[in-house]
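So the protein lines, in turn, are chains A and B. Mapped onto our numbering, the consecutive letters of the first sequence carry residue numbers 34 to 79. Mapped onto our numbering, the consecutive letters of the second sequence carry residue numbers 2 to 239. Glycine included, C-beta positions come from ideal geometry on N, C-alpha and C.
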Amino acid sequence: MNYLFAAYSAIWILLFGYIFSLSQRQRRVQEDLAQVQERLGQKTRS
Amino acid sequence: MTFLKEAEVKSQKVLALLTFVTMLCAIYAIFLYAPTEASMGDVQRIFYFHVSSAWICFLAILSVFVYSALFLITGTRKMDIKAAAAAEVGAIFATIVLVTGPLWAKPVWGIWWTWDPRLTSMFVLWLIYMGYIMLRRLIEAPEQRARLSAIFGILGAIDVPIVYMSNRWWRTQHPSPVMAGGQGSGLDPHMKIAFFLSLAAFTFFYFYLWRIRTDLESSQEAVEALQRQLETQRRGTL
């Protein structure tokens, strides 16, 4: 039973860890995009 | 996501819902519906997610193979992005196979690992995934990175038939195939339902993760292109 618990825990840790890493990367892209848009806005104003 | 069309967002939601529903059904079937295997006991229930993860490994490397070949033929960046995304998702499922395998082997065989053909060829497949990901990180020039990783991805897919056939070609510590394994193979009908539900859940999950990863890669590339453009303009005005 311990091995069964360990196996299914490992599966969910790996999958949720990967989903978390994807969401972090997605957040970084959004931040980069916001920065680029801000710089573009400054450029058109000047 | 900023760059996604409405229809794409909708199809992503449908995939997420399908994954959620089939995963719940699979978990119910694995732990409450499928009977306990007579000789191995409860630990045999690792089988359902272990084999489903191995199936996703094969599906992902097949995606890498197809999209790498399409990239080499057409030269379209989108094909390279799809291959790279499939490789990353495949690497996660290959890791799951290599983690759950020993956790099943220890109570049944009495050992965590043995270098038999099935386990070794599966380990080689994991190394191929890691090699592919490292190759992409090491090469900075986008064109060169795409071309070299496409060649690597195509060559790497050769390992899949070896992994699949290894316990048919050679005598291995790993059990004989339970599906399509010839005489004496097969599953209890209740176990079969739990197994196919797990396969369906993992397949939907794979397509869901693959899409998210592909969209992320496309967005990253679009932002990087904008940053490069801004940088060029800035240098031009100096």
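query: Beta carbon of Trp105/B, beta carbon of His51/B: below 8 Å?
result: yes
- prompt: Between Leu149/B and Met123/B, is the Cβ-Cβ spacing less than 8 Å?
  reply: no
task: Mind checking which residues open and close the alpha helix (DSSP H) that includes Trp32/B?
output: The residue asked about is misnamed: residue 32/B is Phe in this sequence, not Trp. According to the DSSP assignment, Phe32/B belongs to no alpha helix (DSSP H), since it is labelled neither H nor E.
field: Gly42/B, DSSP secondary structure in three states
entry: strand
query: What is the C-beta distance between Arg58/A and Leu217/B, in whole angstroms, given that I count them as a contact (C-beta under 8 Å)?
result: 6 Å
message: Suppose contacts are defined by Cβ-Cβ distances below 8 Å. Is Ile62/B in contact with Ala158/B by that definition?
response: yes
query: Going along the chain, which residues of the region 53 to 76 of chain A sit with their C-beta nearer than 8 Å to a C-beta in chain B?
result: Leu55, Arg58, Gln59, Val62, Gln63, Asp65, Leu66, Val69, Arg72, Leu73 and Lys76
message: Please list the terminal residues of the continuous alpha helix (DSSP H) segment that includes Lys83/B.
response: Arg78 to Trp110
Nearest to Ser167/B (by Cα), restricted to the options Pro118/B, Ser54/B, Ala201/B and Ala85/B: Comparing Cα-Cα distances from Ser167/B to each of Pro118/B, Ser54/B, Ala201/B and Ala85/B, the minimum goes to Pro118/B.
- prompt: In chain order, which alpha helix (DSSP H) runs of at least 4 residues are fully inside the region 157 to 218 of chain B?
  reply: 160 to 170
query: What does Trp105/B reach in chain A if we use C-beta pairs closer than 8 Å?
result: Tyr36 and Ala40
- request: For Met80/B, count neighbouring C-beta atoms within 10 Å of its own C-beta (all shown protein chains included) and say buried if the count is 16 or more, exposed if not.
  value: buried
field: chain A contact for Thr101/B (CB, 8 Å cutoff)
entry: Answer yes: the Cβ-Cβ gap between Thr101/B and chain A drops below 8 Å somewhere.
message: Which residue wins for smallest C-alpha separation from Leu47/A, given the options Tyr49/B, Ile163/B and Thr101/B?
response: Thr101/B
message: Quick check on this structure: which residue in Glu144/B, Ser40/B and Ala86/B has the alpha carbon closest to the alpha carbon of Thr75/B?
response: Glu144/B
- prompt: Are Lys107/B and Tyr51/A touching if we call contact CB-CB under 8 Å?
  reply: no
query: Looking at C-alpha atoms only, which residue of Val161/B, Leu210/B, Asp160/B and Ser64/B is the closest neighbour of Leu55/A?
result: Leu210/B
task: Report yes or no: is there a C-beta of chain A within less than 8 Å of the C-beta of Leu200/B?
output: no
message: So, for Ile129/B: in the same chain, excluding its five sequence neighbours on each side, which residues have a beta-carbon less than 7 Å away from its beta-carbon?
response: Gly157 and Asp160
query: Interface residues of chain A around Phe220/B at Cβ under 7 Å?
result: In the sequence on display, residue 220/B carries Ser and not Phe. Simply Val62.
- prompt: Straight-line CA distance for Ser69/B to Val90/B?
  reply: 15 Å
message: Rounded to the nearest angstrom, what separates Ile28/B and Ala85/B at their Cα positions?
response: 30 Å
task: Determine the direct distance from the alpha carbon of Tyr49/B to that of Phe32/B, and round the result to whole angstroms.
output: 10 Å
- prompt: By DSSP, does Asp117/B sit in helix, in strand, or in coil?
  reply: Here Asp117/B sits in coil by DSSP.
query: Under three-state DSSP, which class holds Met135/B?
result: helix
- prompt: Using the beta-carbon count (16 or more within 10 Å), is Leu126/B buried or exposed?
  reply: Answer is buried; the Cβ neighbour count reaches 16.
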